[in-house]
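First the structure, in the form of structure tokens, and then the observations on it.
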Amino acid sequence: MRHQLSILPLLVRMYVKSQMEYRGAFWLDRLAQILSYGAVLLGMWILLQKFDLLGGWNWPELALLFSFQLLAYALGASVSFTQLRDLEDLVRLGTLDALLTKPINTWAYLIFSGLNVGYAGHIALAIPVLIWALMAAGVQWSLGTVLFFAGSLLSATLVTGAVITMIGATAMIWVRSNHLFSIFFGFWELTRYPINIFPTGIQAVLLTVVPLGYISAVPVAVLLGKPVPLLGDFAGLAALLAGPIIALLAVAHWRYALSRYQGAGG
Amino acid sequence: MTALIEARGISKRFRQHKRFPGLLGAFKSLVTTEYTEVTAVSDISFDITAGEAVGYLGPNGAGKSTMIKMMTGILLPSAGTLSVLGRTPHAERMANARQIGVVFGQRSQLWWDLPLLDSFTLHQRIYEIPAARYQDNLKRFSALLDLTPFLDRAVRQLSLGQRMRAEIVMSLLHDPKILFLDEPTIGLDVVAKDAVRKFLAEINRERGVTIILTTHDLQDIETICPRLIMVDQARLIFDGELTRLRSALGSARRLTLEFASDPGPVPLSSATLTSDEGLRKHYLLERDDVSLVQVLGEVGSDRDLKDVALHEPDIEEVIRTFYQRRNAAAAAAQ
Numbered sequence: 004m005r006h007q008l009s010i011l012p013l014l015v016r017m018y019v020k021s022q023m024e025y026r027g028a029f030w031l032d033r034l035a036q037i038l039s040y041g042a043v044l045l046g047m048w049i050l051l052q053k054f055d056l057l058g059g060w061n062w063p064e065l066a067l068l069f070s071f072q073l074l075a076y077a078l079g080a081s082v083s084f085t086q087l088r089d090l091e092d093l094v095r096l097g098t099l100d101a102l103l104t105k106p107i108n109t110w111a112y113l114i115f116s117g118l119n120v121g122y123a124g125h126i127a128l129a130i131p132v133l134i135w136a137l138m139a140a141g142v143q144w145s146l147g148t149v150l151f152f153a154g155s156l157l158s159a160t161l162v163t164g165a166v167i168t169m170i171g172a173t174a175m176i177w178v179r180s181n182h183l184f185s186i187f188f189g190f191w192e193l194t195r196y197p198i199n200i201f202p203t204g205i206q207a208v209l210l211t212v213v214p215l216g217y218i219s220a221v222p223v224a225v226l227l228g229k230p231v232p233l234l235g236d237f238a239g240l241a242a243l244l245a246g247p248i249i250a251l252l253a254v255a256h257w258r259y260a261l262s263r264y265q266g267a268g269g
Numbered sequence: 015m016t017a018l019i020e021a022r023g024i025s026k027r028f029r030q031h032k033r034f035p036g037l038l039g040a041f042k043s044l045v046t047t048e049y050t051e052v053t054a055v056s057d058i059s060f061d062i063t064a065g066e067a068v069g070y071l072g073p074n075g076a077g078k079s080t081m082i083k084m085m086t087g088i089l090l091p092s093a094g095t096l097s098v099l100g101r102t103p104h105a106e107r108m109a110n111a112r113q114i115g116v117v118f119g120q121r122s123q124l125w126w127d128l129p130l131l132d133s134f135t136l137h138q139r140i141y142e143i144p145a146a147r148y149q150d151n152l153k154r155f156s157a158l159l160d161l162t163p164f165l166d167r168a169v170r171q172l173s174l175g176q177r178m179r180a181e182i183v184m185s186l187l188h189d190p191k192i193l194f195l196d197e198p199t200i201g202l203d204v205v206a207k208d209a210v211r212k213f214l215a216e217i218n219r220e221r222g223v224t225i226i227l228t229t230h231d232l233q234d235i236e237t238i239c240p241r242l243i244m245v246d247q248a249r250l251i252f253d254g255e256l257t258r259l260r261s262a263l264g265s266a267r268r269l270t271l272e273f274a275s276d277p278g279p280v281p282l283s284s285a286t287l288t289s290d291e292g293l294r295k296h297y298l299l300e301r302d303d304v305s306l307v308q309v310l311g312e313v314g315s316d317r318d319l320k321d322v323a324l325h326e327p328d329i330e331e332v333i334r335t336f337y338q339r340r341n342a343a344a345a346a347a348q
């Protein structure tokens, strides 16, 4: 185990070195990301100039929701998204077979050999907005809220990585998984908005089968002292526990999918 | 000698959604709960002892790669027991991985954008190879395969042949007891194929590394592997010395008789006439125990025999004949 962990930094170094072979494209990509997410934020701002409130949330509160979601997503996706999206290709082309003949944990190898530093663009946009919004939205700071903020951000990161891992792992059973990622991003876009603006059915989905409510709407509502539909007083606890629980489910699902792996043929 | 690999009644079946023909069928295939079972490997048994070099041969879809994937722990057999170096490969995949080397001809394990040496260094770390042994192996194998000048070059700048040689060097860096190679010469040019074959034969002979390779290319087997396992339609059809293959598969020798003047029909009890050009007649000698002297005795001295040619089939021909006969039998059965 310790030996395996010691290899991970080397994998990251090799991956970053590979990426830097294409430096120009790297910086251009980051700029494109900042601009595209910046445009979403601008759209929300314009909307709020007209309506003042969205589901009872004002502009700084929505900016907090947006930046919390973006940061949690960027942290979670950097350790999962591109790697697990590409798992489908590894299965289809048989590259996963070669990986399975190495004496190293397959998931760890995949994740760290593709640790996506490309999310730096998301993070560069999310952090300044988050800092401004935390000050402007009037969060009642105490030791409790500081700990909750850190814990729920970590939990949201875990939810992101775990859900993506579960989706990606299905490629080992069905060879294809990318259609599931489209569904994921459909729901994910909803999490930029307060959960109370949606019909109860969608709220229930976002808090259970597609638990993306926990990557932004639930923790940020708790932080701002706003009511959370369906969860009520349990919202704070749910936001903190969602990450570890879903991560354990993801580990079990990954093991199951790996045991069902049949290769792509040949 | 004890066996390094013991396969007893190994089968592997894959379950696939049933597919229906036509556009309507395509929609039906999407929702069907019917499955078809495809048998990739059927009741195969063999033992492989330390130091052997075994060629695993068969046409596309015969189940060669599936067998390799079971022996390397990637896939779990549906039936039978499999032991590699005393372990069950699928259950003890990681422990098994430390003592075997695996090369997949069409699936590179090298880091495309980085210097070749970086991939080797990572391999050293993953397999925990002591530095001195690593340096020693790297130097020796790279020299043998003429890779030394390319160690600092990015993998994407290497030719296919150089990459394949690199894959082989990498697979040997941790001194595996068994080396599995799945189609190691596929796509290589003649010179590269030759280099790979000579190298594999040498490490098998000199270092005693047990080699199991799958291939389409008989030349691979002739150069590297004294023993041949042949599979077809998931079943084992031959296991033994390459030299025994001809008699085992009963491939016929060809006999050509050339006469100075047309002798008319020359029927022979020990050979079958395949074509008659008048002066030149072609026969098949289907039985192995018939000697040329016997045949010539039957021709008799009164006919004006000028020349005799007996053609021993090469392995390629033996196998081709086998498949042709099988296909003919399958067609007749329909």
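Sequence lines, in order, name chains D and C.
So for the first sequence, our numbering puts the first residue at 4; every next one is plus one.
So for the second sequence, our numbering puts the first residue at 15; every next one is plus one.
Glycine included, every Cβ here is placed at the ideal spot set by N, Cα and C.
Select from C:Glu272, C:Leu18 and C:Arg27 the residue whose C-alpha is nearest the C-alpha of C:Thr359.
Beyond the ends of chain C as shown, which are 15 and 348, falls residue 359 of chain C; an answer cannot be given.
Can you tell me whether C:Ser59 is helix, strand or coil according to DSSP?
strand
On the DSSP letters alone, give me the boundaries of the alpha helix (DSSP H) that C:Glu312 sits inside.
Leu306 to Val313
Run through chain C and tell me which residues come within less than 7 Å of D:Leu13, C-beta to C-beta.
Leu136 and Arg139
Which residues bound the beta strand (DSSP E) around C:Ala93?
First-last of the beta strand (DSSP E) with C:Ala93: Ala93 to Val98.
Chain-ordered chain C contacts of D:Ser21 [CB-CB under 8 Å]:
Trp125, Trp126, Asp127 and Leu128
Using only the alpha-carbon positions, how far apart do C:Arg326 and C:Asp160 sit?
Reading off the sequence shown, one finds Glu at residue 326 of chain C, where the question assumed Arg. Near 37 Å, if we compare the C-alpha coordinates of C:Asp160 and C:Glu326.
Can you tell me the Cβ-Cβ gap for D:Trp257 and D:Ala153, rounded? I've got them flagged as a contact below 8 Å.
Going by Cβ atoms, the distance from D:Trp257 to D:Ala153 rounds to 27 Å, so no, they are not a contact pair.
Measure the C-alpha to C-alpha separation of C:Pro166 and C:Leu172 and round it to an integer number of angstroms.
It should be noted that the sequence gives Asp, not Pro, for residue 166 of chain C. About 11 Å.
Would you check if there are 3 or more beta carbon pairs closer than 8 Å linking the region 134-146 of chain C to the region 183-190 of chain C?
Contact holds: three or more Cβ-Cβ distances are below 8 Å.
Buried versus exposed, by CB contacts within 10 Å (16 or more), D:Gln143
Its Cβ having fewer than 16 others within 10 Å, D:Gln143 is exposed.
Can you tell me where the beta strand (DSSP E) with D:Met23 in it begins and where it stops?
Taken as a continuous stretch (DSSP letters only), D:Met23 belongs to no beta strand (DSSP E), as it is neither H nor E.
Contact check, C:Val52 vs C:Ile24, beta carbons under 8 Å:
no
Can you tell me whether DSSP reads D:Gly269 as helix, strand or coil?
At D:Gly269 the pLDDT is 42, less than 50, meaning the model places this residue with poor confidence; the figure from the coordinates comes in the next sentence. The answer is coil: DSSP assigns D:Gly269 none of H, G, I, E or B.
Tell me which same chain residues have a C-beta within less than 6 Å of the C-beta of D:Asp92, skipping the five on either side of it?
By the criterion of a C-beta distance shorter than 6 Å, D:Asp92 is surrounded by no residue of its chain, once the five residues flanking it on both sides are discounted.
So D:Ser116 packs on D:Tyr18, CB below 8 Å; how close in whole Å?
The pair is a contact, with the Cβ atoms about 6 Å apart (cut-off 8 Å).
Does C:Ile19 come out as helix, strand or coil in the three-state DSSP assignment?
strand
Minimum C-alpha distance to D:Leu183 - residue among D:Tyr40, D:Ser81, D:Thr168 and D:Pro232
Here the closest residue by C-alpha is D:Thr168.
Does the distance from the C-beta atom of D:Val223 to that of D:Leu68 stay below 8 Å?
yes
Residues of chain D with CB closer than 8 Å to the CB of C:Asp302, please, in chain order.
Within chain D, no residue comes near C:Asp302; the closest Cβ sits about 36 Å away, beyond 8 Å.
Which chain D residues sit within Cβ distance under 8 Å of C:Arg249?
What C:Arg249 touches in chain D: nothing, since even the nearest Cβ is about 18 Å away.
Nearest-angstrom Cα distance between C:Ile58 and C:Pro279?
Each residue's Cα considered, the two are about 48 Å apart.
In the DSSP assignment, the beta strand (DSSP E) including D:Phe201 goes from what residue to what residue?
Segment: none, D:Phe201 is in no beta strand (DSSP E) and carries neither H nor E.
Rounding to the nearest angstrom, what Cα-Cα distance links C:Pro240 and D:Gly97 in this structure?
A direct Cα-to-Cα measurement between C:Pro240 and D:Gly97 gives close to 29 Å.
I want to know whether the region 145-163 of chain C touches the region 124-143 of chain D - three or more CB-CB distances under 8 Å.
no
Rounded Cβ spacing between D:Ala111 and D:Ala165 (contact assumed at less than 8 Å)
Not confirmed; about 15 Å, so no contact.
List the residues of chain C that D:Asp100 touches, going by C-beta distances under 7 Å, in chain order.
Scanning chain C for C-beta atoms nearer than 7 Å to the C-beta of D:Asp100 yields Lys83, Ile88, Phe118 and Arg121, reported in chain order.
Between C:Phe41 and chain D, is there a C-beta pair that is closer than 8 Å?
no
For the alpha helix (DSSP H) that contains D:Pro71, what are its first and last residues?
It should be pointed out that residue 71 of chain D corresponds to Phe in this sequence rather than to Pro. Note, D:Phe71: alpha helix (DSSP H), Trp62 to Ser81.
Which of the residues in the region 74-87 of chain D, read from start to end, lie with their CB under 9 Å from any CB of chain C?
none
Within 8 Å (strictly less), CB to CB, does D:Gly269 reach chain C?
Model confidence at D:Gly269 stands at a pLDDT of 42, short of 50, so the residue's coordinates are unreliable; what they give is reported in the following sentence. Chain C contact via Cβ: present.
Residues in its own chain within less than 8 Å of D:Gly269 by CB, not counting five upstream and five downstream?
Here D:Gly269 scores only 42 on pLDDT, less than 50, and its place in the model is too uncertain to base an answer on.
Could you work out which residues of chain C lie near D:Met17, taking near to mean beta carbons separated by less than 8 Å?
Simply Trp125, Leu128, Asp132 and Leu136.
Is the CB of C:Ala64 under 8 Å away from at least one CB in chain D?
no
When C:Val332, C:Lys212 and C:Lys207 are compared against C:Gly175, the one with the closest alpha-carbon:
C:Lys207
Could you round the C-beta distance between C:Ile238 and C:Arg221 to whole angstroms and report it? I think they count as a contact, below 8 Å.
The pair is not a contact, with the Cβ atoms about 14 Å apart (cut-off 8 Å).
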